[in-house]
Every structure is written in structure tokens, then in C-alpha cells.
Amino acid sequence: MNWQIKSYDALTKDELFEILKLRVEVFVVEQACPYPEIDDTDRAPETQHLFLVKDEQILAYARCYRKSTTTASIGRVIVSSMLRGQGVAHDLMHRAIACCETEITHEALIISAQCYLDKFYAGLGFVKQGEGYLEDGIPHQDMLFVKK
């Protein structure tokens, strides 16, 4: 297994297919969100696609991107069901935070976290910001990364 970080233009067709396949499997099918999974953020110039590959299959993924002129964000955080509970999500998020630090100039790193994962993200250094809200019918909470 190896980790890779690529811009949209650097992704191969097969890598893009595997990324979208995993995102649809988890977000559309598993979480029952019948909403558009692909958006223009995927191909924005500063967006970085971070993923774990084994035998040409993508098993974990996160999208690091510019949310505003001063804010970076991490989204579409996914670990394949076959690797859950093995610490891959922690590794993925540490790598995603580092990616934002090195690849995207920003003053703040903010994520839109599913509420049931707020303790997971808090353990990584994120703190809740404001009130929770529904996104695609799922409770979410904005969280700000605070360096320890």
C-alpha cells in the first residue's frame, strides 16, 4: 500500500475512476445521500487528492482544497469498509492536515464534520465552531484546526 497526493490534472483516468467509485459507494450508497458527489472543487487548481492505493484499488481518500481566500479545508474523507478500525483514518487525516499546511496557503483550516465523528476530529486538534447544521440530510458541525 502506498499514499499518493495529486492534483486533478495529474490523476490518471483509472485513479479518478477509483476515487469516484469509492466516494459513491460510501456517500451515495452506504450513507444514502442521493446528492451530486462530483463538483468543480475536484478540479480546482489548488485542490489536492490524497489517497491510499493497493493493487490499483483506492482504499482511503481525502480532498484538500481552498475554501476561501484565507481558508483551507479537508473533505470527502473516506476509508474503505475493509480497512476501518485499523487506524487508517488517523493516518489519512494527519497526512491531509500536512498536505493543507504545505500545499494551500491559508490562515485557517476548517472542516465540515459529520457530527457522529466530532470526537475523532477533536482528537486530531479540531474544535467545534458555531452551531450544527444539516448537510445532505446528515448532521454536520464546522470544526477549526488548532495546532497543538
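Here the sequence shown is numbered in the numbering used here, starting from 116 and rising by one per residue.
Where a beta carbon is used, it is the ideal one built from N, C-alpha and C, also for glycine.
It should be emphasised that the depicted structure is a prediction, and the values quoted were computed from it without experimental measurement.
What do you get for residue i, buried or exposed, if any count of 16 or more other CB atoms within 10 angstroms of its CB means buried?
i       : result
Leu-174 : buried
Met-208 : buried
Gln-244 : exposed
Ser-196 : exposed
Gln-201 : exposed
Helix, strand or coil for residue i per DSSP?
i       : result
Thr-186 : strand
Ala-177 : strand
Tyr-150 : coil
Lys-262 : coil
Leu-167 : strand
His-255 : strand
Leu-207 : helix
Glu-140 : helix
Leu-239 : coil
Please tell me whether residue i has its Cβ less than 8 Å away from any Cβ of chain B.
i       : result
Tyr-231 : As a matter of chain content, chain B is missing from the structure shown, which is built from one protein chain.
Whose CA, out of the options, lies closest to the CA of residue i?
i       : options                   : result
Glu-133 : Gln-256, Lys-169, Cys-214 : Lys-169
May I have the straight-line CA-CA distance separating residue i from residue j, to the nearest angstrom?
i       : j       : result
Leu-137 : Glu-130 : 11 Å
Leu-259 : Met-116 : 30 Å
Ala-237 : Val-194 : 18 Å
Val-261 : Ala-204 : 19 Å
Phe-241 : Leu-232 : 11 Å
Ile-120 : Pro-254 : 29 Å
Phe-235 : Arg-199 : 13 Å
Thr-156 : Thr-186 : 14 Å
Checklist entry - Does the region 141-152 come close enough to the region 165-174 to have 3 or more Cβ pairs within less than 8 Å? => result No, because fewer than three Cβ pairs between the region 141-152 and the region 165-174 fall closer than 8 Å, the two stretches do not touch.
Next on the checklist: Count Cβ pairs between the region 215-222 and the region 177-192 that sit closer than 8 Å; are there 3 or more?
Outcome noted: Cβ pair count under 8 Å is three or more, so yes.
Next on the checklist: For the region 159-170 against the region 124-144, do three or more pairs of beta-carbon atoms, one drawn from each stretch, fall closer than 8 Å, so that the two count as touching?
Outcome noted: Contact between the region 159-170 and the region 124-144 is present, because at least three Cβ pairs lie under 8 Å.
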